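S.K.:
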Amino acid sequence: MVSWSTEPFIAVSFNYRIGALGFLPSSLSAKEGVLNLGLKDQILLFEWVKENAAAFGGDPDNITLFGLSAGAHSIGHHLLHYKESVAPLFNRVIIESGAPTSRAVRPYDAPIHEEQFKGFLAAAGVPSDIPENEIIPFLRTLPSETVQQAQTEIFDKYNPSLKWAFQPVIDGDIIPRPPLETWRSGKWHKVPIMTGFQRNEGSLYVDKTMSKSEEFVHFFRELLPLLSEEDLQTIDELYPDPAKVPNSPYKEDRDGVGPQYKRIEAAYGHYAYVAPARQTAEFASSDIPVYLYQWAAVSTLLNGAQHADNARYEVCDPKVLAISENQAKLARALNSYVTSFITRGDPNAASNSEGSPEWEAYRKDSPKALVFGLGNEELIGGGLGRTATLVDDEWGRKESEFWWSRVDLSQQ
Numbered sequence: 001m002v003s004w005s006t007e008p009f010i011a012v013s014f015n016y017r018i019g020a021l022g023f024l025p026s027s028l029s030a031k032e033g034v035l036n037l038g039l040k041d042q043i044l045l046f047e048w049v050k051e052n053a054a055a056f057g058g059d060p061d062n063i064t065l066f067g068l069s070a071g072a073h074s075i076g077h078h079l080l081h082y083k084e085s086v087a088p089l090f091n092r093v094i095i096e097s098g099a100p101t102s103r104a105v106r107p108y109d110a111p112i113h114e115e116q117f118k119g120f121l122a123a124a125g126v127p128s129d130i131p132e133n134e135i136i137p138f139l140r141t142l143p144s145e146t147v148q149q150a151q152t153e154i155f156d157k158y159n160p161s162l163k164w165a166f167q168p169v170i171d172g173d174i175i176p177r178p179p180l181e182t183w184r185s186g187k188w189h190k191v192p193i194m195t196g197f198q199r200n201e202g203s204l205y206v207d208k209t210m211s212k213s214e215e216f217v218h219f220f221r222e223l224l225p226l227l228s229e230e231d232l233q234t235i236d237e238l239y240p241d242p243a244k245v246p247n248s249p250y251k252e253d254r255d256g257v258g259p260q261y262k263r264i265e266a267a268y269g270h271y272a273y274v275a276p277a278r279q280t281a282e283f284a285s286s287d288i289p290v291y292l293y294q295w296a297a298v299s300t301l302l303n304g305a306q307h308a309d310n311a312r313y314e315v316c317d318p319k320v321l322a323i324s325e326n327q328a329k330l331a332r333a334l335n336s337y338v339t340s341f342i343t344r345g346d347p348n349a350a351s352n353s354e355g356s357p358e359w360e361a362y363r364k365d366s367p368k369a370l371v372f373g374l375g376n377e378e379l380i381g382g383g384l385g386r387t388a389t390l391v392d393d394e395w396g397r398k399e400s401e402f403w404w405s406r407v408d409l410s411q412q
């Protein structure tokens with residue numbers, strides 16, 4: 001990414017604790033001061049960069065946070081981690097396929113977290129009769145392999161759903177309250193934002209063999225138990241059942257997948273990624289510039305424009321550039337917009353040799369999105385499509401508005 005930028009910048013990557021080492025919520029974890037350690041690791045990195053950027057030729061007053069998926073969720077939490085009279089450690093953010101309102105963000109002592117904590121202790125071999133104040137010290141003595149095996153066992157047990165283990169939680173500090181409440185309060189860091197999603201975010205996470213209408217309904221009953229029967233009916237109408245509606249846009253014609261796959265992929269993708277990213281734009285755009293994108297270039301027949309597909313393009317991966325001039329053009333255009341935002345805070349500031357359009361900031365009264373690879377099915381033998389197209393932000397919008405109205409159900 002750096003080498004293709006028209007203006008120089010310094011990229012800093014790092015490791016932070018994940019899984020049980022970074023996110024092990026429970027009442028005991030709160031008492032021991034070990035909640036959201038992964039987020040605390042990230043803050044230490046931000047502080048280090050701020051303090052040392054100049055020594056490497058960087059600008060401590062021109063720092064961009066950049067994250068994809070779980071990294072994007074984390075950046076969303078840092079964006080909302082606001083304290084009066086405390087300046088942020090960054091100047092702008094790029095939040096790709098994630099948001100602070102994505103998935104579930106519960107209190108640290110939510111029943112599901114206590115249940116998973118007990119399961120993890122058992123899987124890690126912590127004696128059941130050990131005094132409470134010795135549990136965390138005991139965990140610290142375990143080999144990392146033991147911790148990893150135990151966390152994998154628990155994660156797999158609750159995967160995939162809102163019950164995913166080892167996630168950031170409301171701790172009264174970094175995440176002081178449900179993220180939706182923080183958005184509504186207006187107390188968050190007002191810095192420019194670039195955010196967006198893929199058009200087939202759900203394809204990596206749902207059952208491709210789903211065949212029955214009842215399975216579709218059961219999926220959402222399990223995912224969001226607090227959904228009412230009326231809610232489930234609304235979901236059924238938003239995503240017309242191809243088994244009952246002859247002209248449903250979710251009618252499946254691909255080999256190797258169940259007749260409900262296209263439908264469940266769209267619904268879960270909208271719920272988990274599309275709606276939250278768009279919600280960030282809705283809340284933030286009244287105060288600061290927000291640039292919303294959609295990634296539509298299809299990479300595989302079954303997965304479509306899948307989660308994280310854009311990452312290879314924005315860094316100008318040599319393997320992508322070697323595919324064809326059309327794919328290389330798409331990569332160079334995305335890289336130009338992203339690196340321009342990183343260096344100047346404006347995706348349009350750098351000269352764009354690909355002739356791509358000006359990326360208009362999102363406005364609630366006239367929402368726009370820049371779509372990359374619209375109609376591009378070259379990798380599955382189809383058309384070349386368009387490199388970048390500015391459109392009214394209407395794709396999946398009605399569905400997003402429904403999911404916005406149900407975000408509170410994910411925070412309980």
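Residue 349 in the UniProt record's numbering sits at position 349 of the sequence shown; the count goes up by one each step and never skips.
Heads up, the beta-carbon is just placed ideally off N, CA and C, and yes, glycines get one too.
Just so you know, these numbers come straight off a predicted model, no measurement behind them.
Could you tell me which uninterrupted alpha helix (DSSP H) segments, each at least 4 residues in length, are contained entirely in the segment 151–222, listed from first to last along the chain?
M.R.: Correct list: 179–185.
S.K.: Do Ile63 and Ala54 have their beta-carbon atoms positioned less than 8 Å apart in this structure?
M.R.: Taking 8 Å as the Cβ cut-off, Ala54 and Ile63 do not qualify as a contacting pair.
S.K.: Measuring only the C-alpha atoms, how far is Leu142 from Phe117?
M.R.: One C-alpha to the other measures close to 16 Å.
S.K.: Below 7 Å CB to CB, which residues in the same chain sit around Pro192 once its five sequence neighbours on both sides are set aside?
M.R.: These residues qualify, in order along the chain: Arg92, Ile288, Pro289, Gly345.
S.K.: Any idea what DSSP makes of Gln412, helix, strand or coil?
M.R.: Of the three classes helix, strand and coil, the one that applies to Gln412 here is coil, per DSSP.
S.K.: Going by DSSP, what residues sit across from Gln116 in a beta bridge?
M.R.: Per DSSP, none; premise fails for Gln116.
S.K.: When burial is assigned at 16 or more other CB atoms within 10 Å of the CB, is Lys262 buried or exposed?
M.R.: By the neighbour-count rule (16 or more Cβ atoms within 10 Å), Lys262 is buried.
S.K.: Could you tell me which of Gly125, His73, Glu399, Gly382 sits nearest to Thr195, measuring between CA atoms?
M.R.: With distances taken between Cα atoms, Thr195 lies closest to His73.
S.K.: Is it a yes or a no for the segment 137–153 touching the segment 205–214, going by three-plus beta-carbon pairs under 8 Å?
M.R.: Cβ pair count under 8 Å is below three, so no.
S.K.: Rounded to the nearest angstrom, what separates Asp41 and Glu252 at their Cα positions?
M.R.: The straight-line gap from Cα to Cα measures roughly 44 Å.
S.K.: Counting pairs of Cβ atoms below 8 Å between the segment 365–379 and the segment 294–304, do you hit three or more?
M.R.: Touching, per the Cβ criterion.
S.K.: Note down the Cα distance separating Gly22 from Ser203, rounded to an integer number of angstroms.
M.R.: Rounded to the nearest angstrom, the two C-alpha atoms are 27 Å apart.
S.K.: In terms of alpha-carbon separation, which member of Ser69, Ser340, Ser248, Ala277 lies closest to Pro8?
M.R.: Of Ser69, Ser340, Ser248, Ala277, the residue nearest in Cα terms is Ser340.
S.K.: Who are the near neighbours of Val338 in its chain, counting only those whose CB is closer than 8 Å to its CB and skipping five residues on each side?
M.R.: Cβ neighbours of Val338 beyond the five flanking positions: Met1, Ile94, Met194, Glu314, Pro347.
S.K.: Quick one, which of Ala11, Ile136, Ala266, Gly355 has its alpha-carbon nearest Glu32's?
M.R.: For the residues Ala11, Ile136, Ala266, Gly355, the minimum Cα distance to Glu32 belongs to Ile136.
S.K.: Can you tell me which residues form a DSSP beta bridge with Pro107?
M.R.: In DSSP, Pro107 forms a bridge with Ile170.
S.K.: What separation, rounded to the nearest whole angstrom, lies between the Cα atoms of residue 414 and Ala70?
M.R.: In the structure as shown, the chain begins at 1 and stops at 412. Residue 414 is therefore absent and cannot be evaluated.
S.K.: Do Ser336 and Arg103 have their CB atoms nearer than 8 Å?
M.R.: No, these two residues do not count as a Cβ contact at 8 Å.
S.K.: Within 10 Å of its beta-carbon, does Ser324 have 16 or more other beta-carbons around it, so buried, or fewer, so exposed?
M.R.: Flag for Ser324 reads exposed.
S.K.: By alpha-carbon positions, which one of Asp255, Pro318, Gln327 ends up nearest to Asn303?
M.R.: Comparing Cα positions, the closest option is Asp255.
S.K.: Restricting to runs no shorter than 3 residues, where is the beta strand (DSSP E) found entirely within the segment 284–368?
M.R.: You should have 290–295.
S.K.: With a threshold of 6 Å on Cβ separation, who are the neighbours of Gly385 within its own chain once the five nearest residues in sequence on each side are excluded?
M.R.: The residues are Gly373, Leu374, Gly375, Asn376.
S.K.: Apply the 10 Å Cβ neighbour rule to Gln233 and answer buried if 16 or more other Cβ atoms are within range, or exposed otherwise.
M.R.: Answer is exposed; the Cβ neighbour count stays below 16.
S.K.: May I ask which residues mark the beginning and end of the alpha helix (DSSP H) holding Ala234?
M.R.: According to the sequence as given, residue 234 is Thr; it is not Ala. Start and end: 229–238.
S.K.: Report all residues from its chain with a CB closer than 6 Å to the CB of Ile174; omit the five preceding and five following residues, and keep chain order.
M.R.: Only Asn36, Leu39, His81 meet the Cβ criterion.
S.K.: With DSSP collapsed to three states, give me the class of Val126.
M.R.: Residue state, collapsed to three classes: coil.
S.K.: Jot down the residue ranges of each uninterrupted beta strand (DSSP E) in the segment 58–103, minimum 3 residues, whole runs only, in chain order.
M.R.: Within the segment 58–103, the complete beta strand (DSSP E) runs of at least 3 residues are 64–68, 92–96.
S.K.: Quick check: Gly396 and His189, are their CB atoms within less than 8 Å of each other?
M.R.: Contact flag unset, no.
S.K.: Given a cut-off of 8 Å, decide if Ala308 and Leu65 are closer than it, judged by their beta-carbon atoms.
M.R.: No.
S.K.: Would you say Ala267 and Arg199 are within 8 Å of each other, going by their C-beta atoms?
M.R.: No, the pair does not count as a contact, with Cβ atoms beyond the cut-off.
S.K.: For Pro242 and Gln148, what's the separation of their Cα atoms in angstroms?
M.R.: Computed Cα separation, rounded: 42 Å.
S.K.: Classify Phe56 as helix, strand or coil using the three-state DSSP reduction.
M.R.: In the structure shown, Phe56 sits in a helix (DSSP, three-state: H, G or I).
S.K.: Using DSSP with H/G/I as helix, E/B as strand and the rest coil, what is Gly256?
M.R.: DSSP places Gly256 in coil when its eight states are reduced to three.
S.K.: Could you check if Asn159 is buried or exposed, using at least 16 other CB atoms within 10 Å of its CB as the buried criterion?
M.R.: It counts as exposed.
S.K.: Taking the alpha helix (DSSP H) that Ala266 belongs to, which residues open and close that run?
M.R.: Taken as a continuous stretch (DSSP letters only), the alpha helix (DSSP H) holding Ala266 covers 261–269.
S.K.: May I ask you to report which of helix, strand or coil DSSP gives Asp392?
M.R.: DSSP places Asp392 in strand when its eight states are reduced to three.
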